[in-house]
Amino acid sequence: MSDPILKATGLTKRYGKVTALDHCDFELFPGEILAVIGDNGAGKSTLIKALSGAVQPDGGTIYLDGNAVAFGSPNDARGVGIETVYQTLAMSPALSITDNMFMGREIRKSGVMGQVFRQLDKAAMEDFARKKLADLGLMTIQNINQPVETLSGGQRQGVAVARAAAFGSKVIILDEPTAALGVKESRRVLELIQDVRSRGIPIILISHNMPHVFEVADRIHVHRLGKRLCVVNPKDCTMSDAVALMTGAMEPPEAVAA
Amino acid sequence: MSDADGYEDVVKTRREESFAAFAEEKGLLHRVHHALHTTPALVPLIVLVSAVAVFGLLLGSKFFSPFALTLILQQVQIVGVLAAAQSLIILTAGIDLSVGAIAVLTSVVMGQFAFRYGIPAPMAVAAGLAIGTAIGAANGWLVSRMKLPPFIVTLGMWQIVLAANYLYSANETLRSQDIEAQAPFLQFLGNKFQVAGATFTLGVVLMVALVLILAYMLRATAWGRHVYAVGDDPEAAQLAGVDRHKTLMSVYMLVGFICGLAGWVMIGRFGSVSPSATTGVIGNIQSITAVVIGGISLFGGRGSIMGAFFGALIVGVFELGLRMAGADPQWTFLLIGTLIIAAVAVDQWIRKVTA
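In the order they appear, the protein sequences are chains Z and P.
Residues in the first sequence are numbered consecutively from 1, following the working numbering.
Residues in the second sequence are numbered consecutively from 1001, following the working numbering.
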């Protein structure tokens, strides 16, 4: 296997007396879907927040393409091509699909209108948004200026994934993308995830849904007590094994232990 | 070992083609709902046009004349400017009770700086605007950094500013003729010009220009989109990459500056500078009234500044129309009160997107 695109060693994060991350290691390889599973309180949210810049670890180092990086904010991580789809989706319901896709990185017009009057280039942004949605097979969206609140849960998730896929050049992190969705909508989002992977962007998928994890993941990072317990291959392992590992009912097998 | 029991196979094979299709409902009510949802200033515009039409029919050319209609503009210029400021705050899901007090204090600062310290009038005006901006910055810092509720911050600031205004001015009124003789620039915005029987003051021009500029900034710049996003859902905006603190600070400072402009407009309108001008006490409620009638949601993130402008004009039309019709002025308040409740009811209906 090639070198990891995103790697972390010895990540540590404490909240008062609680150690959320305890010298945790992490590796994501190019072109793969890595699922991160773990029981509630295992520290997987903190791990993801550290990787996406939302929290700053107390210790340890994150490497992107082999170079050490430090993120002071989600914008820093975004700046180097790591996009996160939060469980809450981080969208403004009253604003349009286009506005939401470009929130925080709007395109201004060139020339005087853009430089002096700071006018946004709405046409360019709408074209881009339409193209990105079409790339992911969401082209049945008729009106790109429709407020996000008029979309269904699955459509919103689709727009959020499209936003991440549009700007995430290195890594896309998806936090519980199917948790709030119905069966059909979950199915569509899983297809979206595979579409994104097929275009070469590696994905970190946090999920509690074992069938979904086992269906799409190439490797499964089992998180327990603030660190990586092991990485398992979904082909060599059953769902009940995975659940047993993450709850501590089973010791990690030596062969696949990290 | 993927998809162990295959319980989702049924949806896998029958892929949902209409997943992201957007059914267009054709009902009339639905269309109205959609139009209001995308253009929230439509309701106040309709109310404004109807009010002008009704008073025009009832009162004839006495009301429906260039003179009377532009008189309305002159009468609402202070509230109009304050409503523009209030709109910005309410779009961020805040409320500002100190706008009127800041306006009065800045007018007093402009007057006293020119008269007490002999500072040239344009410098005195600039000082007033700077102090307005500084008070806005204090409000913004308390709201954004200290995370205090805007209602409480501005309730306190209202009292502080109003008291500071009386203490600083020693409750002294600067007379119109003195200002005209010694520092006419303070009354600059009171200058009038005629166009075909219509009378405009520079204050009216400033109000209209301000509303148009803010409407442009809110609609067509990234800053405007961020103001809406922060008002809609601050957490989401932050995660999406909007600097919430910077956006709120810019809004509160701009609002302080606009309140300073309102103070300058006040000198133009009244001629004199009075620390006990009623704007200090009721300017906040008047501006909130205009904003609410204008269809801006008090929950933030929805509405347009044009709506607030129309809201201010509606109040002006009712006041002048009812006075010309010889009605008891209390009818104005009664009707305005009804309009406020109706406007909020419409806002709730618009927000119910699944209707």
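Glycine included, each C-beta is placed from N, C-alpha and C at the ideal position.
Practice item. Determine whether the Cβ of proline 253 (chain Z) lies closer than 8 angstroms to any Cβ atom of chain P. Key: False, the Cβ-Cβ gap to chain P never drops below 8 angstroms.
Exercise for review: Indicate whether at least one CB of chain Z lies closer than 8 angstroms to the CB of tyrosine 1166 (chain P).
Suggested key: No, no contact with chain Z.
Review point. What are the complete beta strand (DSSP E) segments, minimum 3 residues, inside the stretch 1266-1305 of chain P?
Key: List check, beta strand (DSSP E) in window: nothing returned.
Exercise for review: Only counting runs of 3 or more residues, tell me where the beta strand (DSSP E) segments fall wholly within the stretch 187-225 of chain Z, in order along the chain.
Suggested key: The DSSP assignment places 203-206, 219-224 as complete runs of the beta strand (DSSP E) inside the stretch 187-225 of chain Z, in order along the chain (cut-off: 3 residues).
Exercise for review: Look at lysine 109 (chain Z) and aspartate 121 (chain Z) and say whether their C-beta atoms are less than 8 angstroms apart.
Suggested key: Their beta carbons are under 8 angstroms apart, which means lysine 109 (chain Z) touches aspartate 121 (chain Z) by this criterion.
Check your understanding: Mind checking if alanine 166 (chain Z) is an interface residue toward chain P, Cβ cutoff 8 angstroms exclusive?
Key -> False, the Cβ-Cβ gap to chain P never drops below 8 angstroms.
Check your understanding: Would you say the stretch 1072-1082 of chain P touches the stretch 1196-1208 of chain P, given that touching needs at least three Cβ pairs under 8 angstroms?
Key -> The answer is yes - the stretch 1196-1208 of chain P touches the stretch 1072-1082 of chain P, with three or more Cβ pairs under 8 angstroms.
Practice item. Answer yes or no: the CB of valine 213 (chain Z) versus the heavy atoms of the ligand FMN, is any distance below 7 angstroms? Key: The model on display carries no ligand, and the ligand FMN is accordingly not part of it.
Check your understanding: Is the CB-CB distance between leucine 138 (chain Z) and glutamine 157 (chain Z) below 8 angstroms?
Key -> In this structure, glutamine 157 (chain Z) does not lie closer than 8 angstroms to leucine 138 (chain Z) by Cβ.
Review point. Got a sec? Which residues, its chain only, sit under 7 angstroms from threonine 46 (chain Z) by beta carbon, not counting five neighbours each side?
Key: Lys13, Ala20, Leu21, Val55.
Point to revise | Rounded straight-line distance, which links the Cα of isoleucine 37 (chain Z) to that of leucine 51 (chain Z) | key: When rounded, the distance between both Cα atoms is 15 angstroms.
Review point. Based on the DSSP secondary-structure assignment, which residues constitute the bridge partners of phenylalanine 26 (chain Z)?
Key: DSSP output for phenylalanine 26 (chain Z) lists Z:Ala8 as bridge partner(s).
Exercise for review: Just the C-alpha distance for aspartate 65 (chain Z) and histidine 208 (chain Z), rounded to the nearest angstrom, thanks.
Suggested key: One C-alpha to the other measures close to 29 angstroms.
Check your understanding: Any residues in the stretch 1226-1240 of chain P with a beta carbon nearer than 9 angstroms to a beta carbon of chain Z? Which ones, in chain order?
Key -> Result list: His1226, Tyr1228, Ala1229, Val1230, Gly1231, Asp1232, Asp1233, Glu1235, Ala1236, Ala1237, Gln1238, Leu1239, Ala1240.
Exercise for review: Inspect the beta-carbon positions of alanine 1262 (chain P) and alanine 1290 (chain P) and report whether they are closer than 8 angstroms.
Suggested key: For alanine 1262 (chain P) and alanine 1290 (chain P), no; Cβs fall outside 8 angstroms.
Review point. How about leucine 174 (chain Z) and leucine 205 (chain Z): do their beta carbons lie closer than 8 angstroms?
Key: Using a Cβ distance threshold of 8 angstroms, leucine 174 (chain Z) and leucine 205 (chain Z) count as a contacting pair.
Practice item. Closer than 7 angstroms, Cβ to Cβ, to anything on chain Z: give me those residues from the stretch 1207-1221 of chain P, in chain order. Key: Contact residues of the stretch 1207-1221 of chain P toward chain Z are Ala1220, Thr1221 (C-beta to C-beta distance below 7 angstroms).
Point to revise | Neighbour list for aspartate 99 (chain Z) in chain P, Cβ cutoff strictly below 9 angstroms | key: Within 9 angstroms Cβ-Cβ: Arg1225, Tyr1228, Ala1229.
Review point. Per DSSP, which one or two residues make a beta bridge with asparagine 67 (chain Z)?
Key: Paired residue(s): Z:Leu64.
Review point. In this structure, does DSSP put phenylalanine 1200 (chain P) in helix, strand or coil?
Key: Correct three-state label for phenylalanine 1200 (chain P): strand.
Practice item. Evaluate contact between the stretch 1284-1298 of chain P and the stretch 1087-1094 of chain P, counting only Cβ atoms and requiring at least three cross-stretch pairs below 8 angstroms. Key: Segments in contact, yes.
Point to revise | Cβ shell of serine 1002 (chain P) (< 6 angstroms), same chain only, five flanking positions each side left out | key: Reliability of the predicted coordinates at serine 1002 (chain P) is poor, the pLDDT of 45 falling under 50, and no value is obtained from them.
Practice item. Note down, in chain order, every chain P residue with its Cβ under 9 angstroms from the Cβ of glutamine 119 (chain Z). Key: Close to glutamine 119 (chain Z), with beta-carbon spacing below 9 angstroms, are these residues of chain P in chain order: Tyr1216, Ala1220, Thr1221.
Check your understanding: Using a beta-carbon distance cut-off of less than 8 angstroms, what residues from the stretch 3-34 of chain Z approach chain P?
Key -> Along the stretch 3-34 of chain Z, none of the residues has a CB nearer than 8 angstroms to a CB of chain P.
Review point. Can you find at least 3 beta carbon pairs, one from the stretch 88-97 of chain Z and one from the stretch 1231-1242 of chain P, that sit closer than 8 angstroms?
Key: These segments touch.
Point to revise | CB contact check: glycine 980 (chain P) to chain Z, cutoff 8 angstroms | key: No information on residue 980 (chain P) is available, as it lies outside the stretch 1001 to 1355 that chain P covers here.
Check your understanding: Under a CB-based cut-off of 8 angstroms, is valine 1346 (chain P) close to chain Z?
Key -> No - not a single Cβ of chain Z is within 8 angstroms of the one on valine 1346 (chain P).
Check your understanding: Going by Cα to Cα distance, which pick from Z:Gly153, Z:Leu245, Z:Ile97, Z:Glu126 is closest to proline 147 (chain Z)?
Key -> When C-alpha distances from proline 147 (chain Z) are compared across Z:Gly153, Z:Leu245, Z:Ile97, Z:Glu126, the shortest belongs to Z:Ile97.
Check your understanding: Which of the three DSSP states, helix, strand or coil, is assigned to glutamate 106 (chain Z)?
Key -> Coil.
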